[in-house]
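Read through the structure below, which is laid out as structure tokens, and then see the notes.
Numbering (the working numbering), first residue to last: 31 to 211.
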């Protein structure tokens with residue numbers, strides 16, 4: 031019920047509740063924004079914008095139990111990241127990214143060689159289109175049809191971009207493993 035009390039305070043415009051919300055969720059939302067944006071500076075801007083949008087829209091938020099506030103805030107942040115990416119790549123550059131790359135996909139054995147922080151770092155280094163689709167598919171759990179609708183691309187483009195993202199990630203991880211030897 032602590033979350034519900036916080037929501038009620040937020041809806042009443044309580045500044046201390048806003049600070050508490052920020053302190054509680056900023057780290058998580060920053061990590062989420064970084065997964066989409068790659069760079070820290072853009073992620074920080076979107077984190078800030080996410081909180082502004084949350085504070086502005088909280089009166090319309092409907093609490094549905096513990097965790098619903100975080101889930102709603104995640105949606106707000108993801109939607110802002112996607113909106114930002116759309117504006118930056120105005121004409122659907124997701125479909126125009128490097129065509130024809132191929133490589134083995136990451137294996138469980140390869141992934142086991144790296145910490146989650148190292149994997150996160152490599153995902154953040156993926157090209158923007160790859161990273162976006164990778165996150166939408168694996169982190170957000172969206173289907174290729176949902177991704178295509180969200181980004182305004184073809185379903186096949188989503189699928190091929192995901193395959194290329196996985197191949198690129200595998201190459202990066204294999205290169206990193208080779209360098210460590």
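All C-beta atoms in this analysis are idealised placements derived from N, C-alpha and C, irrespective of residue type, glycine included.
Asked: State whether the stretch 81 to 98 contacts the stretch 61 to 68, with contact taken as three or more CB pairs (one from each stretch) at a distance under 8 Å.; Found: no
Asked: Could you round the C-beta distance between residue 12 and residue 160 to whole angstroms and report it? I think they count as a contact, below 8 Å.; Found: Outside the displayed range of the chain (31 to 211) lies residue 12, so it cannot be described from this structure.
Asked: Tell me which residues share the same chain as residue 92 and place their Cβ nearer than 6 Å to its Cβ, disregarding the 5 neighbours each side in the sequence.; Found: none
Asked: Determine, using beta carbons only, whether residue 103 and residue 59 come nearer to each other than 8 Å.; Found: yes
Asked: Helix, strand or coil for residue 93 per DSSP?; Found: coil
Asked: Just to confirm the assignment, what range does the alpha helix (DSSP H) spanning residue 196 have?; Found: 185 to 210
Asked: Where does residue 173 fall in DSSP's three states?; Found: coil
Asked: For residue 151 and residue 206, I'd like the C-alpha separation in whole angstroms.; Found: 12 Å
Asked: Determine the DSSP secondary structure at residue 156, reduced to helix, strand or coil.; Found: coil
Asked: Whose C-beta lies closer than 8 Å to the C-beta of residue 107 among residues of the same chain, with five residues either side of it excluded?; Found: 59, 62, 63, 76, 77, 80
Asked: Leaving out the 5 sequence neighbours to the left and right, which residues in its chain are closer than 7 Å to residue 164 when beta-carbon positions are compared?; Found: 153, 156, 192, 195
Asked: So, helix, strand or coil for residue 101, using DSSP?; Found: helix
Asked: In whole angstroms, what separates the C-alpha of residue 74 from that of residue 101?; Found: 19 Å
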